[in-house]
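Here's the structure, in structure tokens; my notes come after.
Residue numbers (the numbering used here): 24 to 281.
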């Protein structure tokens, strides 16, 4: 379990599994490509993307998340500051941004930096929170699940604001939302439970990151959650009834303008 705890958590996370499906559907084949993923949380998304082929590099904001990614994927993991990167011009064919832009002050400067390091014809996948002010957002705030607790400097993006952010450097090809109220309610409950178990502590720029130590200290709770996971999964499928509403996650594919 010590080596595979991020995978174990991923297999019990409806939201993370859906996120990877959405990313890979837009990303396409990566064999023979030079690829970068940014914002890989505890490393599981980075690890699973590397299994798809191609040469991958990973990066994130603070030391703790970078260490978590490196423990899982090994080499080619960098800490970046949200603006400059250590990569040469025209390096990457594919870049995947996973829940990262909402954590950095100057998101436009980072987009310009991505434009610099991507090859002509390169493809960018961006996954961010969808900015929605509704009852679920207010419930989260009442439970202490705030943007500040997650290290967010902004609550997210709309399709229009994301297109405006990318404008001039990238052309948006696809933009859609996913993850609706039932999945998000489950995620809210889990995050509330994790916060109660862990305590707030000192969160980094990426908010709370669940580690192997957390899993080791709470094995009984993880086993209990594993037993009820089929019920959780079924509850999340009720999202299909909400076909008339937008989701709480926003994902886009864009090509670099070079």
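Backbone N, C-alpha and C fix where the C-beta goes; we use that ideal spot for every residue, glycine too.
Inter-residue CB distance, residue i and residue j (contact presumed, cutoff 8 Å)
{"i": "residue 89", "j": "residue 124", "result": "Their Cβ separation, rounded to whole angstroms, is 18 Å, which puts residue 89 and residue 124 out of contact at 8 Å."}
{"i": "residue 107", "j": "residue 136", "result": "6 Å"}
{"i": "residue 82", "j": "residue 103", "result": "5 Å"}
{"i": "residue 210", "j": "residue 38", "result": "5 Å"}
{"i": "residue 279", "j": "residue 192", "result": "7 Å"}
{"i": "residue 271", "j": "residue 207", "result": "5 Å"}
{"i": "residue 277", "j": "residue 147", "result": "5 Å"}
{"i": "residue 120", "j": "residue 149", "result": "5 Å"}
Of the residues the options, the one placed nearest residue i, counting alpha carbons only
{"i": "residue 51", "options": "31, 29 and 77", "result": "77"}
{"i": "residue 164", "options": "30, 105, 67 and 214", "result": "214"}
{"i": "residue 202", "options": "31, 30 and 45", "result": "45"}
{"i": "residue 115", "options": "61, 186 and 267", "result": "61"}
{"i": "residue 175", "options": "128, 37, 253 and 35", "result": "128"}
{"i": "residue 131", "options": "167, 187 and 147", "result": "187"}
{"i": "residue 100", "options": "146, 63, 279 and 162", "result": "63"}
{"i": "residue 177", "options": "162, 155, 196 and 126", "result": "126"}
{"i": "residue 21", "options": "97, 205, 110 and 269", "result": "Residue coverage of the chain in this structure runs from 24 to 281, which leaves residue 21 outside it and unanswerable."}
{"i": "residue 185", "options": "153, 259 and 161", "result": "153"}
{"i": "residue 47", "options": "32, 34, 74 and 33", "result": "74"}
{"i": "residue 93", "options": "70, 109 and 170", "result": "70"}
{"i": "residue 156", "options": "120, 145, 170 and 194", "result": "170"}
{"i": "residue 133", "options": "181, 166, 143 and 190", "result": "190"}
{"i": "residue 181", "options": "35, 139, 173 and 200", "result": "200"}
Classification of residue i by the beta-carbon crowding that lies within 10 angstroms, buried from 16 upward
{"i": "residue 224", "result": "With a pLDDT of only 49 at residue 224, under the threshold of 50, the placement of this residue in the model should not be trusted, and no figure is reported."}
{"i": "residue 158", "result": "exposed"}
{"i": "residue 257", "result": "exposed"}
{"i": "residue 65", "result": "buried"}
{"i": "residue 53", "result": "buried"}
{"i": "residue 183", "result": "exposed"}
{"i": "residue 275", "result": "buried"}
{"i": "residue 266", "result": "exposed"}
{"i": "residue 112", "result": "exposed"}
{"i": "residue 179", "result": "buried"}
{"i": "residue 197", "result": "exposed"}
{"i": "residue 80", "result": "buried"}
{"i": "residue 264", "result": "exposed"}
{"i": "residue 262", "result": "buried"}
Residue(s) in a DSSP beta bridge with residue i
{"i": "residue 278", "result": "146 and 194"}
{"i": "residue 60", "result": "81 and 119"}
{"i": "residue 272", "result": "152 and 201"}
Residue i at chain D interface by Cβ criterion, 8 Å
{"i": "residue 38", "result": "As a matter of chain content, chain D is missing from the structure shown, which is built from one protein chain."}
Closer than 7 Å: residue i CB and nearest the ligand NAD heavy atom
{"i": "residue 126", "result": "The ligand NAD is absent from the structure shown, which contains no ligand whatsoever."}
Ignoring anything shorter than 3 residues, give me the beta strand (DSSP E) runs that lie fully in the region 144-222, in order along the chain. 193-201
Could I get the ranges of all uninterrupted alpha helix (DSSP H) runs contained in the region 73-157, with 4 residues as the minimum, in chain order? 86-96 and 130-140
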